[in-house]
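> Protein sequence lines, in the order shown, are assigned to chains A and B. First residue of the first sequence? That's 1 in this note's numbering, and the numbers climb one at a time after it. First residue of the second sequence? That's 321 in this note's numbering, and the numbers climb one at a time after it. Just so it is clear, CB atoms sit at the ideal spot from N, CA and C, and this is done for glycine as well. Quick caveat, the model's predicted, so the values are computed rather than measured.
2 protein chains.
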Amino acid sequence: MLRKIVAGVDIGGTNTKYGLVDEYGKILTRGTVHTPQYTDAAEFANVVSNIIIKEAEKIPDADLHGFGIGAPNGNYFTGTIELAPNLPWKSVIPLAKYFIDASGLPVVLTNDAKAAAMGEMLFGGAKQLKHFFFITLGTGLGSGIVSDGKIVYGHDGFAGEMGHMIVKEESNRLCGCGRHGCLETYCSATGIRKSYMKFLAEKDKRASIDPERIDSAFIYKQAMKGDEEALKAFEYTGHILGLALANAVTLFSPEVIFLFGGLAQSGDLIFNPTKKSFEENLLKIYKGKTKILPSSLNEGDAAILGSASLIWHDLKKINQ
Amino acid sequence: MLRKIVAGVDIGGTNTKYGLVDEYGKILTRGTVHTPQYTDAAEFANVVSNIIIKEAEKIPDADLHGFGIGAPNGNYFTGTIELAPNLPWKSVIPLAKYFIDASGLPVVLTNDAKAAAMGEMLFGGAKQLKHFFFITLGTGLGSGIVSDGKIVYGHDGFAGEMGHMIVKEESNRLCGCGRHGCLETYCSATGIRKSYMKFLAEKDKRASIDPERIDSAFIYKQAMKGDEEALKAFEYTGHILGLALANAVTLFSPEVIFLFGGLAQSGDLIFNPTKKSFEENLLKIYKGKTKILPSSLNEGDAAILGSASLIWHDLKKINQ
Numbered sequence: 001m002l003r004k005i006v007a008g009v010d011i012g013g014t015n016t017k018y019g020l021v022d023e024y025g026k027i028l029t030r031g032t033v034h035t036p037q038y039t040d041a042a043e044f045a046n047v048v049s050n051i052i053i054k055e056a057e058k059i060p061d062a063d064l065h066g067f068g069i070g071a072p073n074g075n076y077f078t079g080t081i082e083l084a085p086n087l088p089w090k091s092v093i094p095l096a097k098y099f100i101d102a103s104g105l106p107v108v109l110t111n112d113a114k115a116a117a118m119g120e121m122l123f124g125g126a127k128q129l130k131h132f133f134f135i136t137l138g139t140g141l142g143s144g145i146v147s148d149g150k151i152v153y154g155h156d157g158f159a160g161e162m163g164h165m166i167v168k169e170e171s172n173r174l175c176g177c178g179r180h181g182c183l184e185t186y187c188s189a190t191g192i193r194k195s196y197m198k199f200l201a202e203k204d205k206r207a208s209i210d211p212e213r214i215d216s217a218f219i220y221k222q223a224m225k226g227d228e229e230a231l232k233a234f235e236y237t238g239h240i241l242g243l244a245l246a247n248a249v250t251l252f253s254p255e256v257i258f259l260f261g262g263l264a265q266s267g268d269l270i271f272n273p274t275k276k277s278f279e280e281n282l283l284k285i286y287k288g289k290t291k292i293l294p295s296s297l298n299e300g301d302a303a304i305l306g307s308a309s310l311i312w313h314d315l316k317k318i319n320q
Numbered sequence: 321m322l323r324k325i326v327a328g329v330d331i332g333g334t335n336t337k338y339g340l341v342d343e344y345g346k347i348l349t350r351g352t353v354h355t356p357q358y359t360d361a362a363e364f365a366n367v368v369s370n371i372i373i374k375e376a377e378k379i380p381d382a383d384l385h386g387f388g389i390g391a392p393n394g395n396y397f398t399g400t401i402e403l404a405p406n407l408p409w410k411s412v413i414p415l416a417k418y419f420i421d422a423s424g425l426p427v428v429l430t431n432d433a434k435a436a437a438m439g440e441m442l443f444g445g446a447k448q449l450k451h452f453f454f455i456t457l458g459t460g461l462g463s464g465i466v467s468d469g470k471i472v473y474g475h476d477g478f479a480g481e482m483g484h485m486i487v488k489e490e491s492n493r494l495c496g497c498g499r500h501g502c503l504e505t506y507c508s509a510t511g512i513r514k515s516y517m518k519f520l521a522e523k524d525k526r527a528s529i530d531p532e533r534i535d536s537a538f539i540y541k542q543a544m545k546g547d548e549e550a551l552k553a554f555e556y557t558g559h560i561l562g563l564a565l566a567n568a569v570t571l572f573s574p575e576v577i578f579l580f581g582g583l584a585q586s587g588d589l590i591f592n593p594t595k596k597s598f599e600e601n602l603l604k605i606y607k608g609k610t611k612i613l614p615s616s617l618n619e620g621d622a623a624i625l626g627s628a629s630l631i632w633h634d635l636k637k638i639n640q
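(1) Can you list, in chain order, the residues of the region 249–277 of chain A whose Cβ is nearer than 7 Å to any Cβ on chain B?
(2) Is HIS633(B) helix, strand or coil when you go by DSSP?
(3) Step through the CB atoms of chain B and report whether any lies within less than 7 Å of the CB of ILE93(A).
(4) From ARG323(B) to GLY386(B), what distance separates their C-alpha atoms?
(5) Name, please, each residue of chain B whose Cβ falls closer than 8 Å to the Cβ of VAL107(A).
(6) Does ASN15(A) come out as helix, strand or coil in the three-state DSSP assignment?
(7) For the structure I just gave you, are there three or more beta carbon pairs, one from the region 170–183 of chain A and one from the region 197–215 of chain A, closer than 8 Å?
(8) If the criterion is Cβ atoms closer than 7 Å, does the pair PHE123(A) and VAL256(A) meet it?
(9) What residues of chain A sit near SER467(B), judged by a beta carbon separation below 7 Å?
(10) Does the region 414–424 of chain B come close enough to the region 608–628 of chain B that 3 or more CB-CB pairs lie under 8 Å?
(11) Using a Cβ cut-off of 7 Å (strictly closer), state whether HIS484(B) contacts chain A.
(12) Which chain A residues are close to GLY480(B), counting only those with a beta carbon under 9 Å from its beta carbon?
(13) In chain order, what residues of the same chain lie with their CB nearer than 6 Å to the CB of LEU269(A), ignoring the 5 residues before and after it?
(14) Under DSSP, the beta strand (DSSP E) around SER147(A) begins and ends at which residues?
(15) List the residues that DSSP assigns as beta-bridge partners of PHE134(A).
(16) One question on the structure: do LEU200(A) and HIS484(B) come within less than 7 Å of each other, judged by their Cβ atoms?
(17) Could one say the Cβ of ASN406(B) lies closer than 7 Å to chain A's Cβ atoms, at least one of them?
(18) Is the beta carbon of TYR220(A) sitting closer than 7 Å to the one on SER266(A)?
(19) Locate the beta strand (DSSP E) running through GLU402(B), then write down its first and last residues.
(20) Terminal residues of the continuous beta strand (DSSP E) containing ASP383(B)?
(21) Does any CB atom of chain A fall closer than 7 Å to the CB of ASN492(B)?
(22) Tell me whether the beta-carbon of GLY390(B) lies closer than 7 Å to the beta-carbon of ILE401(B).
(23) Using a Cβ cut-off of 9 Å, pull out every chain B residue sitting near LEU243(A), in sequence order please.
(24) Can you check whether the CB of GLY477(B) is closer than 7 Å to the CB of PHE572(B)?
(25) When you compare only the Cα positions, how much space is there between GLN37(A) and VAL92(A)?
(26) Please list the terminal residues of the continuous beta strand (DSSP E) segment that includes PRO614(B).
(27) Please tell me whether ASN395(B) has its Cβ less than 7 Å away from any Cβ of chain A.
(28) So, GLY19(A) versus ILE304(A), is the Cβ gap smaller than 7 Å?
(29) Tell me, please, which residues DSSP counts as bridged to ARG3(A).
(30) Here's the rule I'm using: 16 or more other beta-carbon atoms within 10 Å means buried, otherwise exposed. How should PRO593(B) be labelled?
(31) Run down chain B in chain order and give the residues with a C-beta less than 7 Å from the C-beta of ASN247(A).
(32) Are the beta-carbon atoms of ALA117(A) and GLY144(A) separated by less than 7 Å?
(33) Note the first and the last residue of the continuous alpha helix (DSSP H) segment covering LEU269(A).
(34) Does DSSP put ASP301(A) in a helix, a strand or coil?
(35) Within 10 angstroms of its Cβ, does PRO574(B) collect 16 or more other Cβ (buried), or is it exposed?
(36) With a threshold of 8 Å on Cβ separation, who are the neighbours of THR510(B) within its own chain once the five nearest residues in sequence on each side are excluded?
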């Protein structure tokens, strides 16, 4: 009997990563395409689809059943990518349709954080959970919210943008979205950098470090060496994240909040202040009920696995 | 053929209101019981259940099919009321069970705002909607959140406490929950009173008005007369509410937000600043998509109708 496999495709501004994934979440093969090379989205879909189909043919006894695609501003309902600032295709692009036309197979598309949340649910630490948050702390802050076993899409497919909750109204931190004070201007790689720079400036230490060198990995190293401002930057980031998560819990009451991404890999440095602020700011009826845990997805696999799990999930629904 | 009816019971600290409701949302009869009279919750359930059963027997050809109960801190999953500060029964009370024991009929229980949201969905302005918020602006701020056609309960039944999102971290406004700066300390009858008193004090006008007289109805009358501080209190309340709703939209992306309760009846005075702040603070992808509307439920009927709709909804599910 043929072995069912699907393709997981993760579209980023620089690279599009793809992988062929079996129903146990095993990545059988993987590859990368340089995204900006394709100014035409239909051509992009054609090329990527053909590469993947050829890769699938090389796997003995494997039968490709569909594509799951994670992309910034990807919309599950419409299968389109809408106004994604970092992709070469402007306006509204019917990317799922392009992939269907190119491959003749079922295609499901959503944004990257929602895809990763689905990955956690199918193949990670959320297998038994019906209510959880998946938070990616990368350049920005992405979120996939699962309520009653389903990704929360809202009426238009764009729910779950926790990174764009305004957490400080008087903030001077400009967000990529054009507004000020969004959660991701504080709790992300970009956000902790801003906080660290601010704390350095307050102590007249800005000139002592080349700003080009400062990224979240650098701040992590400094904090591990005992650098006071780096430690303060982690404390501050965790404090704001903990409060925002406590507020989001009043709306959803999830069992677990998974943290993922570069900043989440800083371990206790980010988890301790986040958990402390979270428990302090929780409404009494929720206290002690919601865990904050690191995602169990491997940093390198999550994007492909998440996208693949999207189509696995929908294929299983169809066959029920 | 017998006509199916259900009972809607709304339990408050002072009064418990009940009504018999047909499947079209018509209230056929209604009455009130003084809640604090019953220090024993099982006795309370017995008395109220018997009164309702007798009332139902008076209606020709009617057949009572169940009870829907709305109560502060009511939990849909467990059928219990947990630590409700304004009710005579402390600790965790299995109220649904007491009503089942007393009546032998199906009983569904949830909190009052969630019950009202269900009322809006079955009998009000949300009949065609699958994604909406129902916000009650009363003494506090209650919320019922409907996502994908279902009330959001979370893993423990306590999701949807929007009034307890902390919106001002440095706030000195003490909330009933013991924390500071919750949304309901600003956006409720209690909240607008605090704001009005503050604005009066800033202009040394506090002494000119007996504080006992100041409630939201008084502030409304003052605003209609052009009282500057009263107008400012509405502006301020709407500003904070609009921002909080814009933040909640990033998580759920609802089609409509219904406002209900005394403060919502102030019309443009509260709707205009709320809508203005809401649209200003919305992330671009949501702009112009979510309406803020007054609830279509009648102030006097909503509690009974909401509770009744709870059990109608579950009875229909069972019969599907």
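This is what the structure holds:
(1) THR250, LEU251, PHE252, SER253, PRO254, GLU255
(2) helix
(3) no
(4) 13 Å
(5) Ordered by position in chain B, no residue passes the 8 Å Cβ test against VAL107(A), which lies about 22 Å from the chain.
(6) strand
(7) no
(8) no
(9) SER147, VAL152
(10) no
(11) yes
(12) THR250, LEU251, PHE252, SER253
(13) ALA223, PHE234
(14) 141–147
(15) GLY144(A), PHE258(A)
(16) no
(17) no
(18) yes
(19) 400–402
(20) 382–390
(21) no
(22) no
(23) ILE486, GLU489
(24) no
(25) 19 Å
(26) 611–614
(27) no
(28) yes
(29) ALA62(A)
(30) buried
(31) MET485, ILE486
(32) yes
(33) 268–281
(34) coil
(35) buried
(36) THR459, GLY460, GLU504
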